[in-house]
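Structure first, then comments.
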Ligand SMILES: Cc1ncc(COP(=O)(O)O)c(C=O)c1O
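Numbering (our numbering), first residue to last: 1 to 425.
Written out as structure tokens, the structure is:
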């Protein structure tokens with residue numbers, strides 16, 4: 001299609017009638033589709049059903065002899081930490097394995113930092129002026145919700161295609177009120193970006209104004225590849241150590257989108273000092289994690305090869321869904337000048353930038369024909385996208401045919417919203 005942004009008013013009005021008719025046809029189909037949240041589909045969850053019978057009666061001892069049915073092992077089962085050590089990029093003794101949610105770990109680390117401070121703090125964060133986090137945008141709404149919940153100020157930096165804009169980050173982080181930064185280094189939510197080696201190196205070596213500045217390194221999609229290429233990123237723990245900032249990164253990961261989203265294992269990895277800090281706090285809130293769940297993960301995934309084989313099975317289910325989204329956007333919107341979209345090689349989302357000022361209208365148009373999309377603005381702090389431009393599409397959960405229908409519908413809504421705006425201007 002030709003660039004819509006260059007059409008004359010008369011041509012625009014003709015096109016508007018045509019796209020409105022398509023929209024009405026679509027609405028008449030009475031669809032009920034949901035592309036709001038990045039959840040695994042039932043078929044993905046089925047891949048891990050064998051977990052439900054593990055470890056089985058009589059299999060409850062750790063290799064070192066601990067009885068996993070009992071309290072204890074606050075740092076988690078060593079063999080579970082060993083299984084994920086390579087993926088996390090940390091030795092077994094620098095990892096804590098715990099219960100089902102890495103988001104809960106991030107939440108706890110922030111609360112503890114606010115109340116107690118972290119290694120290197122001269123005071124708890126809550127007793128310092130306007131504790132602030134750097135938030136690359138678009139980003140993950142639940143990260144921003146934690147900051148909002150606890151009154152942490154958020155300053156945004158744009159993503160560039162290979163991670164956050166590092167010139168902007170380096171300038172912001174010199175301010176001592178900046179205590180933290182959200183990072184999703186691989187297949188970032190929602191842009192799918194992979195941080196380049198240079199980005200990771202600069203994050204590790206930059207000069208921070210706050211001596212207790214932390215990178216919240218949420219590696220949620222470490223093994224969630226959508227192509228045969230298993231992308232690797234630079235090791236933030238090693239690079240920070242070499243740059244003399246060993247305590248800078250808090251690394252998080254989980255098996256939520258590897259095995260069962262509600263019943264996985266989560267991980268925290270960091271320097272020796274940070275790990276001691278974490279365990280001292282964690283030991284007040286629990287006597288130990290669910291080690292039987294950790295054991296069943298070890299029995300089920302077995303080793304690194306088993307983990308990759310399992311993720312290949314996810315990929316086989318997910319790839320056609322992502323292809324359906326990209327194909328619909330390519331065929332309806334390429335060359336129109338009213339949208340651009342990502343082509344992720346991993347992770348759970350496609351991010352679409354529509355004509356400025358039309359994202360909310362697109363979500364509204366979609367809702368009216370029975371398609372629920374993530375609210376416009378959700379990928380920005382406080383839900384406010386200043387350019388009303390970014391849409392996050394989550395194709396993993398619905399069945400493939402629904403994803404096809406929804407993607408076609410989204411493309412029509414994007415077109416219609418853009419044409420209506422251009423006609424009015
Ligand atoms: C970037 C990111 N981090 C964390 C999570 C949640 O992880 P968990 O299930 O381990 O709490 C998600 C879920 O969508 C996510 O996208």
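Idealized CB from N, CA, C, for every residue including glycine.
Closest to residue 401 by CA distance: which of 390, 320, 147 and 183 is it? For this step, residue 401 is matched to residue 401 along the chain shown. The shortest Cα separation from residue 401 among 390, 320, 147 and 183 belongs to 320.
Quick check: is any heavy atom of ligand 1 less than 7 Å from the C-beta of residue 140? Within the chain shown, residue 140 is the residue found at index 140, counting from 1. Yes - ligand 1 has a heavy atom lying nearer than 7 Å to the Cβ of residue 140.
Report buried or exposed for residue 305, applying the criterion of at least 16 other Cβ atoms within 10 angstroms of its Cβ. In the chain shown, the residue the question calls residue 305 occupies position 305. With fewer than 16 other Cβ atoms within 10 Å, it is exposed.
Residue span of the alpha helix (DSSP H) that contains residue 301, given as start and end: As a working note, residue 301 is residue 301 in the chain shown. Looking at the DSSP string, the run of the alpha helix (DSSP H) that includes residue 301 is 291-301.
Considering just the uninterrupted stretch of the alpha helix (DSSP H) at residue 26, what are its terminal residues? If you number the chain shown from 1, residue 26 lands on position 26. 9-28 is the extent of the alpha helix (DSSP H) around residue 26.
Note the first and the last residue of the continuous beta strand (DSSP E) segment covering residue 155. Here residue 155 refers to the residue found at position 155 of the chain shown. Counting along the chain, the beta strand (DSSP E) containing residue 155 begins and ends at 153-158.
Select from 269, 47 and 346 the residue whose C-alpha is nearest the C-alpha of residue 230. Position 230 of the chain shown holds residue 230. The candidate whose alpha carbon is nearest that of residue 230 is 346.
Residues in the same chain with beta-carbon distance under 6 Å from residue 100, minus the five sequence neighbours each way, listed in chain order, please. Residue mapping note: residue 100 aligns to position 100 of the chain shown, counting from 1. Excluding residues within five positions, the ones whose Cβ falls inside 6 Å are 263 and 264.
Can you grab the Cα-Cα spacing for the pair residue 348 / residue 341, in whole Å? Indexing the chain shown from 1 puts residue 348 at position 348. Indexing the chain shown from 1 puts residue 341 at position 341. Rounded to whole angstroms, residue 348 to residue 341 spans 14 Å at the Cα level.
Give me the DSSP bridge partner(s) of residue 225. Position 225 of the chain shown, counted from the first residue, corresponds to residue 225. Per DSSP, 346.
Only counting the same chain, and skipping five residues up and downstream in sequence, which positions put a Cβ closer than 6 Å to that of residue 202? Along the chain shown, read from residue 1 onward, the residue named residue 202 stands at position 202. Counting only Cβ-Cβ distances below 6 Å, and skipping sequence neighbours, we find 166.
Just to confirm the assignment, what range does the alpha helix (DSSP H) spanning residue 428 have? Residue 428 lies beyond the range of the chain shown here (1 to 425); nothing can be said about it.
C-beta atoms of residue 266 and residue 105 nearer than 8 Å: In the chain shown, the residue the question calls residue 266 occupies position 266. In the chain shown, the residue the question calls residue 105 occupies position 105. Yes. Within cutoff.
Quick one: what's residue 181 bridged to in DSSP? Taking the first residue of the chain shown as 1, we reach residue 181 at position 181. Residue 181 is bridged to 134 and 215.
Counting Cβ pairs, one atom from each stretch, are 3 or more of them under 8 Å apart for the region 333-340 and the region 349-367? yes
Give a yes or no on contact between the region 64-79 and the region 289-297, applying the rule of three or more CB pairs nearer than 8 Å. yes
Flag residue 183 as yes if its beta-carbon sits less than 8 Å from any beta-carbon of chain C, otherwise no. Of the protein chains in this structure there is only one, and it is not chain C.
Report the option in 391, 192 and 98 whose CA atom is closest to the CA atom of residue 286. Within the chain shown, residue 286 is the residue found at index 286, counting from 1. Ranking the options by Cα distance to residue 286, first place goes to 98.
State the DSSP-derived secondary structure class of residue 92, mapped to helix, strand or coil. Locating residue 92 in the chain shown gives position 92, counting from the first residue. Looking at residue 92 - three-state DSSP - the assignment turns out to be helix.
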